[in-house]
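Worksheet: the structure to be examined is printed underneath.
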Amino acid sequence: MRQPLSIFLVVIQLALTLMLGLAATRVQAQVLRVGIYEQQPDIYLSPDNHPAGILGELLNEIARREGWTLETQPCSWQQCMQWLHDGNIDLLPDVYYTAQRAKTLGFHHVPALHSWSQMYAKAGNTLRAITDLNGLSIAVLAGSTQEDYLRTTLHSLGIQADLIPVQDLTDGFQLVSRHQADAVAADFYIGELSAREYGLVTTSIVFQPTEAFFATQKGQNATVLAAIDHYLSLWQADPNSFYFRTLDHWRLVQTPNTIGPHAIRFIITLAVSLSLLLILLIWQQIRHTRLRRQLQAKTRQFDTILGSINALVSIKTPDGRYLMGNQRFEQFLGASAGHLVGRPDTDFYTNTDTLATIQQSDRAIIETGTRSFIRQTIQRPQDDSARTLLTTKAPLWAANGTLEGICTVGTDITDHVQAEHTRHRLTYYDTLTQLPNRRMALEHLQQIIDSTRHNQAHGALLQIDLDGFKRINDKHGYRTGDELLAALATRLRKATREHDLVAHTSADEFVVLVDALGNDSHESARIAMSIAENLRQTISGNTLMIQNIPVLITASIGLTLINAASHDCDTVMREADMATQRAKDQGGNQATFYKQDLQAEVEQRLWLEQDLLQAIGTPQLSLHLQPQFGKDGQITGGELLARWQHPTHGPISPALFIPVAEESGLINLLGTWTLGVACDTILTLQALGEIYPLSINISPKHLMEVRFVDFVRETLERKKVPGNRLIFEITEGVLIQDIQAVALRMQALAQLGIRFSIDDFGTGYSNLAYLKRLPLYELKIDKSLIQDLPDDNDSTAIVQLILAMADQLNLRVVAEGVETDDQARVLFQHDCHALQGFLLARPMPIDTWIQRVRKRQLSADH
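Just so we're aligned, residue 836 is where the sequence shown starts under my numbering, counting upward by one.
And the structure:
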């Protein structure tokens, strides 16, 4: 009896010491075909072919109340989506909402589940930010929103990562555990469960907050979606509802350890003390066999203690059969008193994940022979609820050194976890709008400030102040004002980018934090202003119906850029507040920058872009022709130049509106219009007997557009214009981007007869080897080299060198910007083929040039 009693004493003392240390609208009855794919714990198929998991239990309860009959059809994720599109199933749970999916699928309005995505990898990984994924392989569920998001984000950031699509996330976790992939992307609920099973850990890379819905085929089962919305709305408004009870049962979210470092050190100290005490007790038992009766009496006392404490205490044999368990543990399992001994876990637990978790931790004790201190999420058999246990497992050794059993002492800390989650929610979120509050906004702002100092990329703070909000409260009451704020919060979330933070910071004030705008301050300001204008129009664009009362609200938005020079949060907030106040002082319902000069520049770019779009194809925008003359005074060609006569601002320089057209994408539309006018002008001149080519400037973006060659071919055929009457002028800058791709595009156009000229030649820095590789016809010497002729020796030498090189390569040369007779004389002396500039003729409207041609011909006839 000595050895069993010694073991039992060890178990009792261990349990007692650890517990003292840790005590701190109804739808008609119908049949619904439901697609079920394996995605624990969100949704899966139970052994009796019923929906299970978080969403499964919600659907079962709604079906019970509505009288629906659910017919489950198991399928893979992609197969489920295809069946839903084809109408082979009526309803699919756990579908993340995207604007693209909303085009073909029907969604209800109230999200069934909020989550986010996270990266998981092997222990010891160095993944801290998304940029750390460069050069790595990432497993991702095929066809999922994570795959779409990662492909788009990694491409936009220039991160070279290999995405490995898998049909089941389990395959992804297996790939990482077998070192066949570096990381796996998964929904947080699923990821936390699978990571522990495959020995992976959570990384710091968190992305893509998501909302899960039940989806139907577009336009089908509207009453079903309405019923789901009805119950979700009611349940989510009641913290004690079936919805929150279900989440409590299934919650797998890991929150910060509620046991602090001091408590852990205290436990370790206790554990060391316990070990010494145990050794002493065993030694005393061997030395003092006479104390057996006293020990048995003490055992009975500890039996009483074990029966009264809240700890779950048990001992199992190495093969997994129970030797003992206290009353609390028997109640946890739902086992009758005395019916635990000799039975395995499979007699009590039905949840496969729970069994896997328990068996994995037991194997670790057997394989390492050391004590473990872990936190586990267990599905309690008694009511199938998810419980979080803080568990200590220790090996029990026989006198001969063999493992005799595994002692487990667990404390149910579920209430502590939920309380911590609630505390975090109350600390960082606004209860009215469910948006982050001022505290979280300030912490996020500090992160952006620190980030800009590290990577030099700009961010922006947008402060949104509602105009006249107090009048709405005074007129309609505070309840109407609260509902208005909640409605605006929803609008703002939908109108911002996924990674932007929208916060409700005071009664009538919201804040939007935007990061990763780029390194260029002017471009960052333009993007920030565009976002602000979009938010302003989102707020004021449509009347809101609040309690059947139409409410129209406007907003004043103050913006300030966040960059490496931003001092601290107070400074940035003060700048945004000053900008907001200026917006209000100017009448409200507008967005204003903190820096006035930046505001003026952004506003100019905005009206330039908007007005240019309206001007294309109207008399405001026209092409002027500047002729080119040979040495004999004959016209050898002409260049068409865009001119813009704004009805309010007067003439707009091409140096202003061409870059705006390039950045906004209007350059393709401008180039299309230019080519059409050029063809018409060629035909008009041809009818007058004027046969010479016309040059037009071609944007690099337009040149490399996929259908550009086809578009040029179709235009020439439709207009019946020979391709050799057109010269496309391109700058040297386009050649250094991707000379191979540019060469292929130019060769395809050359087959149509198009000839090419290098504009502003002599100002670039590219390798001159491209002159031999490209189908070039002409070089245009930049006017910056012409203006100092003939007095500047360096300019003269460069021009002579260009003319000599062009002669060797059999290329035609046109000199731009010729304004004096001396310049013309030097150029013609060195065999320049043609001149273009104010000395010979200024650019003039095409109609004016046509009139000159007709007048010249009439003079020649007479």
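For each residue, glycine too, the CB sits at the ideal point set by N, CA and C.
Values in this document were obtained by computation on a predicted structure and should not be read as measured data.
Proximity to residue i [Cα-Cα], best of the options
i, options, result
"G1034", "R1013, F1048, Q1052, S1375", "R1013"
"V1041", "A956, F1077, A1061", "A956"
"H1084", "R1560, Q1214, Y879", "Q1214"
"I1502", "L1225, S1619, F1543", "F1543"
"S1401", "G1465, H1311, G1294, Q1298", "G1294"
"V1244", "M1159, S991, T1187, A1418", "M1159"
"F1008", "A1321, L989, R1031", "R1031"
"L1270", "H920, L1510, G1597, T1325", "T1325"
"D1350", "G1473, S1341, E1333", "E1333"
"L1614", "T1631, N1628, D1642, P1625", "D1642"
"V1011", "V1036, Q914, H990", "V1036"
"R936", "D1285, Q1052, I1150", "Q1052"
Residue i - DSSP class collapsed to helix/strand/coil
i, result
"A1695", "helix"
"K1053", "coil"
"G888", "helix"
"F1183", "coil"
"C910", "coil"
"K1430", "coil"
"I1362", "helix"
"Y984", "helix"
"V1544", "helix"
"H1537", "helix"
"P1044", "strand"
"F1304", "helix"
"Q874", "strand"
"K1151", "strand"
"I1470", "strand"
"L1087", "Bear in mind that a pLDDT of 47 at L1087, under 50, signals an unreliable position, so the model cannot answer this."
"H1014", "coil"
"Y932", "coil"
"T1257", "helix"
"K1419", "helix"
"K938", "helix"
"N1354", "coil"
"R1332", "coil"
"A1106", "Residue placement at A1106 is flagged as unreliable, the pLDDT there being 46, under the threshold of 50; the coordinate-derived value follows with that caveat. A1106 falls in the helix class under three-state DSSP."
"S1375", "helix"
"V1688", "helix"
"A1233", "coil"
"I1201", "helix"
"H920", "helix"
"E1525", "coil"
Close beta carbons around residue i, own chain, < 6 angstroms, minus the five adjacent residues each side
i, result
"E1564", "S1530, N1532, S1592, D1594"
"P1091", "Low per-residue confidence applies at P1091: pLDDT is 39, beneath 50, and the placement is therefore not dependable enough to give any value."
"G1316", "I1307, N1308"
"V1512", "L1458"
"L867", "W903, L905, D925, L926"
Cross-strand partners of residue i (DSSP beta bridge)
i, result
"N1424", "Partner(s): none; N1424 has no beta bridge."
"Q1211", "L1224"
"R868", "E906"
"G1160", "S1149"
"Q1298", "V1346, G1393"
"Y1264", "P1271"
"E1613", "S1592, R1647"
"P1385", "M1380"
Sequence-distant residues of its chain with Cβ nearer than 8 angstroms to residue i (five each side left out)
i, result
"T1378", "P1385, V1386, L1387"
"Q1421", "T1427"
"L1674", "V1653, E1654, T1655, D1656, Q1658, A1659"
"P1489", "L1476, A1477, R1478, W1479"
"N969", "I994, Q995, A996"
"Q1692", "L1523, G1524"
"T1093", "Unreliable positioning characterises T1093 in this predicted model, as indicated by a pLDDT of 39, which lies under 50. The coordinate reading is nonetheless provided below. Closer than 8 angstroms at the Cβ level, and outside the excluded window around T1093, lie I1248, H1251, V1252, E1255."
"A800", "Residue 800 cannot be examined here, being either before or after the span of the chain that is shown, 836 to 1697."
Neighbourhood of residue i by C-beta distance below 7 angstroms, restricted to the same chain and skipping five residues each side
i, result
"S950", "D1022, F1023, Y1024, T1045, A1047"
"A947", "L890, L893, A1047, F1048, F1049, L1067"
"L1301", "D1343, I1388, A1390"
"N923", "none"
Residue i: CB within 7 angstroms of a non-hydrogen atom of the ligand SAM
i, result
"D1302", "This structure simply doesn't include the ligand SAM, nor any ligand for that matter."
Taking the runs of the alpha helix (DSSP H) that are 4 residues or longer, which of them lie wholly in the segment 1619 to 1674?
-> Scanning the segment 1619 to 1674 from its first residue to its last, the whole alpha helix (DSSP H) runs of 4-plus residues come out as 1628 to 1643, 1656 to 1664.
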